[in-house]
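In mature numbering (1 follows the signal peptide of the UniProt record, and there is no 0), the protein residues as written are -28 to -1, 1 to 450.
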């Protein structure tokens, strides 16, 4: 009896400990509970990009208010938490550039007095040693923005660019097939005595299988073919050739006349080899990426704070006190392209990182709750509404349409005309079958032979006698 009581008390004690461990208690010291509600101090770092986060003092309310993309995502995540949260917004106690954006800095300096940091803070491996990050709520990476060049890239082979190689090959194949079909259908006409010296005999020969359809497409002659089936095939070919020529002319005109936009630099080697200056966001870990990963000379790096300074530096150029390219995280560059995207484009390789996340004290239990809440916000579609609010309708899934500029005119492929080629091929084949009886006879004989092979009961053959058989014994006919 005493053993059962002891086990019951021990089970109740374990259950009580389990409930305490599962309760959201932050890092054990900084979370404050008031009537079942968790009080969080939200620290807002200073940012030169107010689209992401901005904090202002409201004299009428005697408190700070925060706004921006990051804050809206945080507020949306709070609504998905399984407990109530009371928020108090305060600015960061030290300069955010010294705490969050420098690669080698320690974020734990500011988190000794705050429970969560909401801002454009990039998740990095070095920072995760001192603080906890939630899952990223926006993808990121380091790329460059360069000016676009206006002009036309023309070579001696520009005339073949309107069509892709597979379309050119398809034209050659269909021309050969149609020429061969017309030659087969017209061969009996050419063999007649009254057709000696006719245009058919001169123009239709095995040596002209390929160029005959092409010549008819350019300079059609009415009396070249005689048979109706041949004329039908030629008419189908002329229709296909007309569509191809019109498409070729239109695409070639666009290649020769339209202004094409191309990046000034396609890779980092062009910039490094010419010794151009490049810019980056001041006091950012991008400085370390440019030196350690992209191998730039530190003397060729120039810091800037916001997109207005980015634009001025790119307008001046590297030789006039500016830069040839700006390196920054992709979310900032997309904000820049939204403002000045008509003259600039993202180019070159990308140094990938996790993205932006919310910062909690190390070993905080709230990190897991907010990570789950962020996933709920993303899956619910609210994230798309927030992105559209701050970055416009063109910002879909983290992509800005104005920043994607194709450097080459697309060639027309076989897929664009596959339907016409199919109709032309089938029409030519049917006309050939109708015109040539021996093809039908050959097909019928093949079908009969196949039937005899597949039939389980052999067909009875009729016996016929051409010559009478004489019986050598009796001397009479059999």
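Heads up, the beta-carbon is just placed ideally off N, CA and C, and yes, glycines get one too. Here the structure is a predicted model, which means the values were calculated and not measured.
When DSSP reads this structure, residue 333 sits in a beta bridge with 103. Within 10 angstroms of the beta-carbon of residue 391 lie fewer than 16 other beta-carbons, which makes it exposed.
Contact between residue 25 and residue 13 is ruled out by a C-beta separation of about 16 Å, above the 8 Å threshold. Per DSSP, the continuous beta strand (DSSP E) segment holding residue 39 begins and ends at 35 to 39.
Beyond the five residues adjoining it in sequence on each side, residue 236 comes within less than 6 Å, by CB distance, of 118, 119, 121 in the same chain, given in chain order.
Cα atoms of residue 204 and residue 228: separation of roughly 36 Å, rounded to the nearest angstrom. Ranked by Cα distance from residue 135, the options 394, 386, 425, 400 are led by 386. Where residue 97 is concerned, there is no enclosing beta strand (DSSP E), because DSSP gives it neither an H nor an E. Under the three-state reduction of DSSP output, residue 60 falls in the strand class. Taking C-beta separations shorter than 8 Å and ignoring five residues to either side along the sequence, the partners of residue 36 in its chain run 16, 27, 28, 29, 30, 61, 62, 63, following chain order.
Put simply, the backbone Cα of residue 19 is about 13 Å away from that of residue 89. Contact between the region 50 to 59 and the region 289 to 299 is absent: fewer than 3 CB-CB pairs across the two stretches fall below 8 Å. In the DSSP assignment, residue 203 falls within the unbroken alpha helix (DSSP H) covering 200 to 229. Listed in chain order, the non-local C-beta contacts of residue 315 below 8 Å within the same chain comprise 119, 120, local neighbours out to five positions each way being set aside.
Boundaries of the beta strand (DSSP E) harbouring residue 319: 316 to 328, taken from the DSSP string. Residue environment: residue 116 is assigned as buried (16 or more neighbouring CB atoms within 10 Å of its CB, all protein chains considered). In this structure residue 253 touches residue 276 by the C-beta definition: roughly 7 Å separates them, less than 8 Å. In this structure, residue 324 and residue 113 form a Cβ contact; the two beta carbons are roughly 4 Å apart against a cut-off of 8 Å.
In this structure, residue 104 places its C-beta atom within 9 Å of the C-beta atom of residue 335. In this structure the region 269 to 286 does not lie against the region 202 to 220, because fewer than three pairs of beta carbons, one per stretch, are closer than 8 Å. With three or more CB-CB distances shorter than 8 Å, the region 149 to 156 counts as touching the region 394 to 409. Within the region 224 to 296, complete beta strand (DSSP E) segments of at least 3 residues are found at 232 to 235, 250 to 253, 273 to 276, given in chain order. Pairing residue 206 with residue 424, the inter-Cα distance amounts to about 39 Å. In this structure residue 328 touches residue 110 by the C-beta definition: roughly 5 Å separates them, less than 8 Å. With 16 or more other Cβ atoms inside 10 Å of its own Cβ, residue 157 counts as buried. Residue nearest to residue 198 within the set 292, 416, 159, 394 is 159 (criterion: CA-CA distance).
Contact annotation, residue 349 with residue 52: C-beta distance approximately 7 Å; criterion of less than 8 Å satisfied.
Per DSSP, the continuous beta strand (DSSP E) segment holding residue 11 begins and ends at 9 to 16. When the five nearest sequence neighbours on each side are left out, the beta carbons in the same chain lying within less than 8 Å of the beta carbon of residue 358 are those of 41, 44, 45, 48, in order along the chain. Distance from the CA atom of residue 95 to the CA atom of residue 101, rounded to whole angstroms, is 11 Å. In the DSSP annotation of this structure, the continuous segment of the beta strand (DSSP E) that includes residue 26 starts and ends at 26 to 30. Pairing residue 251 with residue 294 gives a Cβ-Cβ distance under 9 Å.
Residue 93 is not a Cβ neighbour of residue 266, given a cutoff of 9 Å. Spanning the alpha carbons of residue 273 and residue 242 requires a straight line of approximately 16 Å. Taking the C-beta atoms as reference points, residue 389 is found nearer than 9 Å to residue 216.
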